[in-house]
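If you read the protein sequences in the order shown, they are chains Z and R. Residue numbers for the first sequence follow the working numbering, so the first one is 1 and each next one is one higher. Residue numbers for the second sequence follow the working numbering, so the first one is 283 and each next one is one higher. For every residue, glycine included, the Cβ atom is placed at its ideal position computed from N, Cα and C. In what follows, a structure is listed as structure tokens, so that the remarks can point back to it.
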Amino acid sequence: MVENRPFVTAVSHLTLVVGIGIVCLPLWIAFVASTHDVSRMFQSPAPFWPGTHLVENYLAVLRSGIGQSANAPVGTMLINSLIMALVIAIGKISISIVSAYAIVYFRFPFRMGFFWIIFVTLMLPVEVRIMPTYEVVAGLGMIDTYAGLTIPLIASATATFLFRQFFLTVPDELAEAARIDGAGPLRFFRDILLPLSKTNIAALFVIQFIYGWNQYLWPLLVSTKESYYTVVMGISRMVNVVDAAPTWNLVMATAVLGLVPPVIVVLVMQRWFVKGLVESEK
Amino acid sequence: MIKRATFRGVALPYALLLPQIAITLIFFFWPAGEALFQAVHVQDALGLKTRFVWFENFERVFSDGYYLASLRITAVFTLASCLLAMGFALLLAVMADRVIRGAGAYKTLLIWPYAVAPALAGVLWGFMFNPTIGVVAHALDAVGIKWNYYVDGDQALFLVTIAAAWKYVSYSFIFFLAGLQSIPRSVIEAAAIDGAGPTKRFWTIVFPLLSPTTFFLLVLNLVHLFFESFGIVHALTQGGPGRATEILVFRVWSDGYRGQDYGGSAAQSVVLMAIVIALTVIQFRYVERKVHY
Numbered sequence: 001m002v003e004n005r006p007f008v009t010a011v012s013h014l015t016l017v018v019g020i021g022i023v024c025l026p027l028w029i030a031f032v033a034s035t036h037d038v039s040r041m042f043q044s045p046a047p048f049w050p051g052t053h054l055v056e057n058y059l060a061v062l063r064s065g066i067g068q069s070a071n072a073p074v075g076t077m078l079i080n081s082l083i084m085a086l087v088i089a090i091g092k093i094s095i096s097i098v099s100a101y102a103i104v105y106f107r108f109p110f111r112m113g114f115f116w117i118i119f120v121t122l123m124l125p126v127e128v129r130i131m132p133t134y135e136v137v138a139g140l141g142m143i144d145t146y147a148g149l150t151i152p153l154i155a156s157a158t159a160t161f162l163f164r165q166f167f168l169t170v171p172d173e174l175a176e177a178a179r180i181d182g183a184g185p186l187r188f189f190r191d192i193l194l195p196l197s198k199t200n201i202a203a204l205f206v207i208q209f210i211y212g213w214n215q216y217l218w219p220l221l222v223s224t225k226e227s228y229y230t231v232v233m234g235i236s237r238m239v240n241v242v243d244a245a246p247t248w249n250l251v252m253a254t255a256v257l258g259l260v261p262p263v264i265v266v267l268v269m270q271r272w273f274v275k276g277l278v279e280s281e282k
Numbered sequence: 283m284i285k286r287a288t289f290r291g292v293a294l295p296y297a298l299l300l301p302q303i304a305i306t307l308i309f310f311f312w313p314a315g316e317a318l319f320q321a322v323h324v325q326d327a328l329g330l331k332t333r334f335v336w337f338e339n340f341e342r343v344f345s346d347g348y349y350l351a352s353l354r355i356t357a358v359f360t361l362a363s364c365l366l367a368m369g370f371a372l373l374l375a376v377m378a379d380r381v382i383r384g385a386g387a388y389k390t391l392l393i394w395p396y397a398v399a400p401a402l403a404g405v406l407w408g409f410m411f412n413p414t415i416g417v418v419a420h421a422l423d424a425v426g427i428k429w430n431y432y433v434d435g436d437q438a439l440f441l442v443t444i445a446a447a448w449k450y451v452s453y454s455f456i457f458f459l460a461g462l463q464s465i466p467r468s469v470i471e472a473a474a475i476d477g478a479g480p481t482k483r484f485w486t487i488v489f490p491l492l493s494p495t496t497f498f499l500l501v502l503n504l505v506h507l508f509f510e511s512f513g514i515v516h517a518l519t520q521g522g523p524g525r526a527t528e529i530l531v532f533r534v535w536s537d538g539y540r541g542q543d544y545g546g547s548a549a550q551s552v553v554l555m556a557i558v559i560a561l562t563v564i565q566f567r568y569v570e571r572k573v574h575y
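Right, here's the structure in full:
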């Protein structure tokens, strides 16, 4: 702080508290609703203070979904989401780090050609080319498989771009020294480059885990069987129940379960995540 | 672009590139090619024959009044939620940069919505604004506003906009805070010694120095809102009531998947690709400029 102005400081704190109140309100309302029984959900307005049915509601959705229109248990959905998020995060990081390594540290024919093949995908998300991608995946028989859920989303250049930028900042002397000491390319990669990339890998893991967990449109198309539902797409099936008012207490319990894992990942790895986000996008 | 010290070998770099290139070709270039192909063809009713029709699909798309309305809705929605999110984020970032006590806790409590899926953001806001039991809807009723976003298109668009803005506040907040913290303290202190108060300092020093961050965030937020909002719209309004919230990405999906109009959907995909490529070029030119700065 530059000067001591108690009034301005107080206003700052007040603004932040109000801001946080607004930001956190939707989560609070959802959490509160998930602690009441269903009869309370028919009285308007929805409750503002927690009730007593927390454990009961959460166990119910985990074991058997919300019981309407044959939904999968949320436990299954959470496992599917976890598989999807982990495969996408780990898959993306692995294929990008090796391809960035090839592009930065090797001279070979058509290097720039490959570079452009990868980087042209940089900002073209799956939503844009959704129908043709769906048809390709359907043609390959990958509907209702974990491979179909994950592999098409691994094809993106953001991670490769980040690793390339990072490798370019690694001093040339390291590679020279490694070569003089007789280390081959794989040895150099494993013993020098990989340990240096740890922070970047951690940051990317957070970003890609969230990306994978939060996928919505893709699983909506690819998962037609309930056993392949992910929690984020499964919940929209619960909200859009046509014949009856949704059982909001159970829907909100599912929503809380669906957002807590990625939020925990962000909060636990906050330091790497913020660093990675700011660096990877700049 | 390349290191001074490189390794020799031809087979190894190809092997290292193989997984990414294979996935990119199969799941990116093939579908993109398919989209281009379908965009200039029409299928007969049985889906057996396709006919080359030049730009008929594009003409059909652009002469559709609903598509033009969808363009307008998308523009209103992305711009409004982008400005809302960035304005709110900047305000909070400036305040968080000022305070010393509790700064860490404030930051943590403000960044978590980044992790919430757009579809879940839609569900949470839909519940608060639910016309029958929503807390906020009830409060609005109490002050005399008839709230029912199921039937009122403007209200539905408003709700989708603030739900999206909420989701992107934390993203902008992180960047603004990083930008603010990289402004040299000495500049601010010099201005303070010369007698400039906090407001004056903000508009004459801090805000201009933040402009690279602001511009960068504007482009990125627009791109994110453009594409990731499918989940918000699908979970909240399904494009309704009466197409009032039918943004472009939603239409690509609903024409292709529900309407089975592959040619029209593909033509729209091509239009979207052109928009993103334009935004990417803007972004890159800007990034290049900053690198040589």
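- Of the candidates Trp485/R, Thr390/R and Gly541/R, the residue whose Cα lies closest to the Cα of Ile470/R is Trp485/R.
- Shortest Cα-Cα distance from Pro132/Z to any of Leu507/R, Pro295/R and Ile308/R involves Ile308/R.
- Residues of chain Z whose Cβ lies closer than 7 Å to the Cβ of Arg567/R do not exist; the shortest such Cβ separation is about 14 Å.
- Val381/R places its beta carbon less than 8 Å from that of Thr9/Z.
- Residues of chain Z with a Cβ closer than 8 Å to the Cβ of Arg380/R are, in chain order, Met1, Val8, Thr9 and Ser12.
- Chain R places a beta carbon closer than 8 Å to that of Ile117/Z, counting this residue as a contact.
- Annotated three-state conformation of Arg483/R is helix, per DSSP.
- For the 8 Å CB-CB criterion, Pro262/Z and Ile210/Z form a contact.
- Within the stretch 158-174 of chain Z, contact with chain R at the beta-carbon level (separation under 7 Å) is assigned to Thr160 and Asp172.
- For Val335/R, there are no C-beta contacts with chain Z under 7 Å, since the nearest C-beta of that chain is about 17 Å from it.
- Rounded to the nearest whole angstrom, the CA to CA distance from Phe409/R to Phe440/R is 15 Å.
- Taking Met77/Z as reference, the option from Phe273/Z, Ser227/Z and Val266/Z with the minimal CA-CA separation is Ser227/Z.
- When CB distances to chain R are screened at a threshold of 8 Å, the residues of the stretch 27-40 of chain Z falling below it are Leu27, Ile29, Ala30 and Ala33, in chain order.
- Taken in chain order, the complete alpha helix (DSSP H) segments of 4 or more residues contained in the stretch 502-543 of chain R are 512-518 and 530-535.
- At a cut-off of 8 Å between beta carbons, Gln270/Z contacts chain R.
- Identification of chain Z residues near Met368/R by a Cβ-Cβ cut-off of 8 Å yields none; the smallest Cβ-Cβ distance measures about 14 Å.
- Using a 10 angstroms sphere on the CB of Glu56/Z, the tally of other CB atoms stays under 16, which defines it as exposed.
- For Ala155/Z, the CB contacts under 8 Å within the same chain, skipping 5 residues up- and downstream, are Thr121 in chain order.
- In this structure Asn200/Z is in contact with Leu162/Z, their Cβ atoms being roughly 6 Å apart against a cut-off of 8 Å.
- Judged by DSSP in its simplified three-state form, Val256/Z adopts helix.
- From the beta-carbon of His516/R, the residues of chain Z found nearer than 8 Å are Tyr216, Leu217, Leu220 and Ser236.
- The beta carbon of Phe48/Z falls within 8 Å of a beta carbon belonging to chain R, placing the residue at that interface.
- Bounds of any beta strand (DSSP E) do not take in Arg383/R, whose DSSP letter is neither H nor E.
- Around the beta-carbon of Val136/Z, 16 or more other beta-carbon atoms lie within 10 Å, marking it buried.
- At the C-beta level, Asp436/R and Trp429/R stay beyond 8 Å of one another.
- Under a criterion of Cβ atoms nearer than 7 Å, no residue of chain R is adjacent to Gly276/Z; the nearest Cβ is some 11 Å distant.
- Interface residue (Cβ-Cβ distance to chain R less than 8 Å): Ala102/Z is classified as such.
- In this structure, the straight-line span from the alpha carbon of Ala314/R to that of Arg190/Z is close to 35 Å.
- Secondary structure in the stretch 149-224 of chain Z: the alpha helix (DSSP H) runs of 4 residues or longer, each lying completely within the stretch, are 158-169, 172-180, 185-188, 198-213 and 217-222 in chain order.
- Just so you know, the alpha carbons of Arg525/R and Arg5/Z end up roughly 51 Å apart.
- Contact between Gly541/R and Asn339/R fails: their C-beta atoms lie close to 13 Å from each other, not under 8 Å.
- Using a CB distance below 7 Å, the part of the stretch 176-202 of chain Z facing chain R consists of Glu176, Arg179 and Pro185, ordered along the chain.
- Taking 9 Å as the upper bound on Cβ-Cβ separation, chain Z lies near residues Val534, Trp535, Asp537, Gly538, Tyr539, Tyr544 and Ser547 of the stretch 533-547 of chain R.
- Judged by pairs of C-beta atoms under 8 Å, the stretch 496-516 of chain R touches the stretch 357-366 of chain R, as three or more such pairs exist.
- Val292/R and Phe106/Z have their C-alpha atoms roughly 8 Å apart.
- Around the beta carbon of Met41/Z, 16 or more other beta carbons lie within 10 angstroms, which makes this residue buried.
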